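Numbering (the UniProt record's numbering), first residue to last: 1 to 303. Using N, Cα and C, we set each Cβ at its ideal position, and we do this for glycine too. Keep in mind the model is a prediction, meaning the values are calculated, not measured.
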């Protein structure tokens, strides 16, 4: 068997030479951005982004005594990136955010801890357990050697939740997907561009995203797509299967048919390659803007 002792391949570094990575790891047909993101974070620290150098721990997994031992055995613990300060997709009473770690366990992490390019993604109208979250956040910032959030709005809101003494620890750390071409020389090479424009809309949390004027949004998008179609082929970039609802609605309501690129089925290299070869991306998802931007492609954000 190719697997060695402890289930690691023979080439795997010993735990003390590995980095631990806590994130929302996507596999299968989930969110394409959540597949690209962890790899981009790792590339900021090591050229080898695979399991030999990295010990992976999913953020939703409760950190118990064994989990704590595994983290402390590593050279450092990297948490992020992504919208981890988000209350709704995996509610847990331990932290009030995506990493399921009780405060007393967090306090016993001895490996250097870096919170890296994380977002505070509370949508308008969303509720979360502010007191539990604020206490967990304070414990996290106290324990962190580095605490970086991926946008200035997140920095401001998180600082508001902290005591004065900890506010300066909160730094702006852009998502590494936005600077990918500076991290990977293969992406830096100019791509031959096709005469295409890629559009993306997000349909998870549709009620929070569109409010009451979805029909108006659809009509405006149809007009824009007709206009752009005069000079380029418009294609649809679906980051997850739910995003394809836009194509169905557009065809039914406005008689427009867009070819679909199912990014959630592609490898990370293929996702970046697709975004490198298009002329423009008009995207709603954060990563539908950040990934192409990082590949040197112009973006227009639909927010």
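The beta-carbon separation of residue 103 and residue 136, rounded to 6 Å, stays under the 8 Å limit for a contact. The residues 176, 183, in chain order, have a CB closer than 7 Å to that of residue 44 in the same chain once the five nearest residues on each side in sequence are set aside.
Rounded to the nearest whole angstrom, the C-alpha separation of residue 170 and residue 42 is 20 Å. Partner residues in the beta bridge of residue 78, as assigned by DSSP, are 21, 114.
Straight through space, the alpha carbons of residue 150 and residue 285 are spaced by roughly 15 Å.
Excluding five sequence positions before and after residue 289, the CB atoms of its chain that fall closer than 6 Å to its own CB belong to 283, 299, 301, given in chain order. In the displayed model, residue 42 falls within a helix according to three-state DSSP. With distances taken between CA atoms, residue 25 lies nearest to 60 out of 11, 201, 60, 188. Here the C-alpha atom of residue 163 lies approximately 11 Å from the C-alpha atom of residue 142. In this structure, the straight-line span from the alpha carbon of residue 181 to that of residue 295 is close to 6 Å. Sorting 114, 75, 57 by C-alpha distance to the C-alpha of residue 146 places 114 at the top.
The residue from 189, 210, 106, 197 with its alpha-carbon nearest to that of residue 226 is 197.
Annotation for residue 299: no alpha helix (DSSP H) segment contains it, though the beta strand (DSSP E) segment containing it runs 299-301.
Take the alpha-carbon of residue 107 and the one of residue 134: they are about 15 Å apart. Cβ-Cβ distances below 6 Å link residue 76 to 19, 111, 112 in the same chain, with the five nearest sequence neighbours on each side left out; the list follows chain order. Distance between residue 138 and residue 159, taken at the CA atoms: about 10 Å. Between residue 201 and residue 154, the alpha-carbon positions lie close to 22 Å from each other. The alpha-carbon separation between residue 257 and residue 237 amounts to approximately 13 Å.
Checking the DSSP bridge columns, you'll see residue 171 partnered with 148. Short of 8 Å from the beta carbon of residue 232, and not among the five residues preceding or following it, lie these beta carbons of its own chain, in chain order: 195, 196, 197, 279, 280. For residue 203, same chain residues with a beta-carbon under 6 Å away, outside a window of 5 residues either side, are 242, 243, 245 in chain order.
Beta-bridge partners assigned by DSSP to residue 282: 199, 300. In the three-state reduction of the DSSP assignment, residue 262 falls in the strand class, which pools E and B. 7 Å or more divides the Cβ of residue 274 from the Cβ of residue 32. Residue 252 counts as exposed, since fewer than 16 other C-beta atoms from the protein chains shown sit within 10 angstroms of its C-beta.
For residue 30, the three-state secondary structure derived from DSSP is coil. Residue burial is scored here from C-beta neighbours: residue 37 has at least 16 other C-beta atoms within 10 angstroms and is therefore classed as buried. Under the DSSP assignment, residue 235 falls in the beta strand (DSSP E) whose first and last residues are 233-238. Nearest Cα to residue 48 within the set 81, 11, 83: 11. When 62, 81, 66, 85 are compared, the shortest CA-CA separation from residue 100 is found for 62. Here residue 67 is actually not in contact with residue 56; their C-beta atoms are around 12 Å apart, not less than 8 Å. Straight through space, the alpha carbons of residue 229 and residue 172 are spaced by roughly 38 Å.
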